[in-house]
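**Q** Sharing a structure below in structure tokens format, with a few things to ask.
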Amino acid sequence: MRGCRPSHRGSCGDGTTAARGEGAFWMGSSAAGSPRSRSSRRLVSQYLEEARRIHRRLGDDTDGTPGPEEGARADGVAQDADDLDDYVRALVEPHLFYVVQVAGEYYSRDIAFEDLLAEGNMGLVEAAHRFDPRHNVKFLTYASWWIRKRILDFLAREGQPVRLTRYAREQRRDLRQHQNDLRSRLGREPTVEELAEVAGVGVRKVREQLASSVRVCSLDQTVHPESDVTLGETIPDERLPDPEEAAGRGSTRRRMLRELARLPERERVIIANRFGFDGRTPMTFQELGDLLGVSRERARQIEREAIQRLRRRLRLGPPHRPGRPSRPGTILR
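Given below as structure tokens:
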């Protein structure tokens, strides 16, 4: 099995078919000797063996559309839970290899392949429960959306960027180019049918590409390879106005400066240099950490504590101590 060349539905020499995802998993495994890797390989091997067994039993004549008997059950004829379970199983089992294929498109070294399989299978089962054959749509067409949705939701929860195979990236790039060309020529957003016609692919394939084109990024990812600034650090906290902006709001300026002067020294330094007060160049957390002799994460924590302290004081409006006027020129060192 390890030597099988990955393809859409390539032969593995034993009469069964393998999905692209299986080859991607075996070739992408970097720590083959680790316990985690051995466990992952064992789980995936068991899954694939079961999929092959079912494939041999069912043969190649299934197209993902329920027969009359299954359709009658879906129309509400089923009398007990066993009938429904049999119906769901009849829809799910022929398409286990398709889940492997889709999971392979999103596989990377940062995430376990069996986790992608598990999420994809849950999407497949959910599609089977929701499927209505009266709509005259093949089950695989319907299930594809649910499988991808579950995998993409999982990657978003895990904070993982979505990585695609080179073939999938090329397909997406070509579709984007066709979309831009049609948009320029028509003066509007092209329909799915128009995109499918120009791209020379099916409508279902276009819908899959559009549905999976959501970009999921980790907030810890740096905005530039040579920068220490992370994506999360560039997102403003809208719950509290930017201190520089708040300081420039006329009557609040003196109050903001007064509250800044009351901050502990390290917090004053971080706020001043982080937000570029007094014409300073805003500094990254790494630079602030080096300045204060602390780690980048500790600098981030100090900034968070300072902002929380400012937010609390500005909201409550604590009275200023009489006889101790603030001196804006001595706020920051």
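Read left to right, the sequence shown gives residues -7 to 325 (the working numbering).
In this text, a Cβ means the ideal position worked out from N, Cα and C, and glycines have one as well.
1. For the candidate residues Ala104, Arg175, Glu181, His170, whose alpha-carbon lies nearest to that of Val193?
2. Below 7 Å CB to CB, which residues in the same chain sit around Ala291 once its five sequence neighbours on both sides are set aside?
3. To the nearest angstrom, report how far apart Asp166 and Ala191 are at their CA atoms.
4. Give the DSSP-derived three-state secondary structure of Leu147 in the structure shown.
5. With 16 as the cutoff for other CB atoms within 10 Å, does Arg307 come out buried or exposed?
6. Would you decide whether Ser136 is buried or exposed? Buried here means 16 or more other CB atoms lie within 10 Å of its CB.
7. Quick check on the burial criterion: 16 or more other C-beta atoms within 10 angstroms. Buried or exposed for His121?
8. Would you identify the three-state DSSP class for Met114, choosing helix, strand or coil?
9. Quick one: is Asn113 buried, meaning 16 or more other Cβ sit within 10 Å of its Cβ, or exposed?
10. Among residues of its own chain, excluding the 5 on either side of Glu186, which ones have a beta-carbon nearer than 7 Å to its beta-carbon?
11. Please determine, among Glu189, Ile299, Leu83, the residue with the shortest C-alpha to C-alpha distance to Leu132.
12. Excluding the 5 residues preceding and the 5 following Ile294 in the sequence, name in chain order all residues of the same chain whose CB lies nearer than 7 Å to its CB.
13. Leaving aside the five residues before and after Ile143 along the sequence, list all residues of the same chain whose C-beta is less than 8 Å from its C-beta, in chain order.
14. Return yes when the Cβ of Glu251 is within less than 9 Å of the Cβ of Arg199, no when it is not.
15. Find the nearest neighbour of Tyr79 within the set Pro125, Arg168, Glu106, judged by alpha-carbon distance.
16. Tell me the rounded alpha-carbon separation between Tyr118 and Ala188.
17. Relative to the alpha-carbon of Trp138, which residue among Asn172, Tyr90, Ser287, Thr183 has its alpha-carbon at the smallest distance?
18. Taking DSSP as the reference, what is the three-state secondary structure of Pro86?
19. Between which two residues does the alpha helix (DSSP H) holding Glu257 run?
20. Cβ atoms of Tyr134 and Phe123: under 9 Å apart, would you say?
**A** In brief:
1. As a position in the sequence shown, residue 193 is number 201, starting the count at 1. With distances taken between Cα atoms, Val193 lies closest to His170.
2. Within the sequence shown, the letter at position 299 stands for residue 291. Ile262, Phe277, Leu280, Gly281, Leu284, listed in sequence order.
3. Residue mapping note: residue 166 aligns to position 174 of the sequence shown, counting from 1. Residue mapping note: residue 191 aligns to position 199 of the sequence shown, counting from 1. So the alpha carbons of these two residues sit roughly 8 Å apart.
4. Your numbering for residue 147 matches position 155 in the sequence shown. Correct three-state label for Leu147: helix.
5. Counting from 1 along the sequence shown, the entry for residue 307 is found at position 315. It counts as exposed.
6. Position 144 of the sequence shown, counting from 1, holds the residue named residue 136. Looking at its Cβ environment, which holds 16 or more other Cβ atoms inside 10 Å, Ser136 is buried.
7. Your numbering for residue 121 matches position 129 in the sequence shown. With fewer than 16 Cβ atoms within 10 Å of its Cβ, His121 is classed as exposed.
8. Along the sequence shown, one-based indexing puts residue 114 at 122. It is helical.
9. Indexing the sequence shown from 1 puts residue 113 at position 121. Answer is buried; the Cβ neighbour count reaches 16.
10. Residue 186 sits at position 194 when you count from the first residue of the sequence shown. Cβ neighbours of Glu186 beyond the five flanking positions: Leu174.
11. Taking the first residue of the sequence shown as position 1, residue 132 is located at position 140. Checked all of Glu189, Ile299, Leu83; the closest Cα to Leu132 is Leu83.
12. Position 302 of the sequence shown, counted from the first residue, corresponds to residue 294. Counting only Cβ-Cβ distances below 7 Å, and skipping sequence neighbours, we find Arg258, Glu259, Ile262.
13. Against the sequence shown, residue 143 aligns to sequence position 151. Counting only Cβ-Cβ distances below 8 Å, and skipping sequence neighbours, we find Val94, Ala95, Tyr98, Leu108, Glu111, Gly112, Gly115.
14. Position 207 of the sequence shown, counted from the start, is the residue given in the question as residue 199. Position 259 of the sequence shown, counted from the start, is the residue given in the question as residue 251. No.
15. On the sequence shown, residue 79 is found 87 positions in, with the first residue counted as 1. Answer by Cα proximity: Pro125.
16. Locating residue 118 in the sequence shown gives position 126, counting from the first residue. Locating residue 188 in the sequence shown gives position 196, counting from the first residue. A quick correction: the sequence has Glu, not Tyr, at residue 118. So the two alpha carbons sit approximately 27 Å from each other.
17. The residue given as residue 138 occupies position 146 in the sequence shown. When only C-alpha atoms are compared, the closest one is Tyr90.
18. Translated into positions along the sequence shown, residue 86 becomes position 94. Here Pro86 sits in helix by DSSP.
19. If you number the sequence shown from 1, residue 257 lands on position 265. Here the alpha helix (DSSP H) through Glu257 covers 257 to 266.
20. The residue you call residue 123 lines up with position 131 of the sequence shown. The residue you call residue 134 lines up with position 142 of the sequence shown. The answer is yes: Cβ separation under 9 Å.
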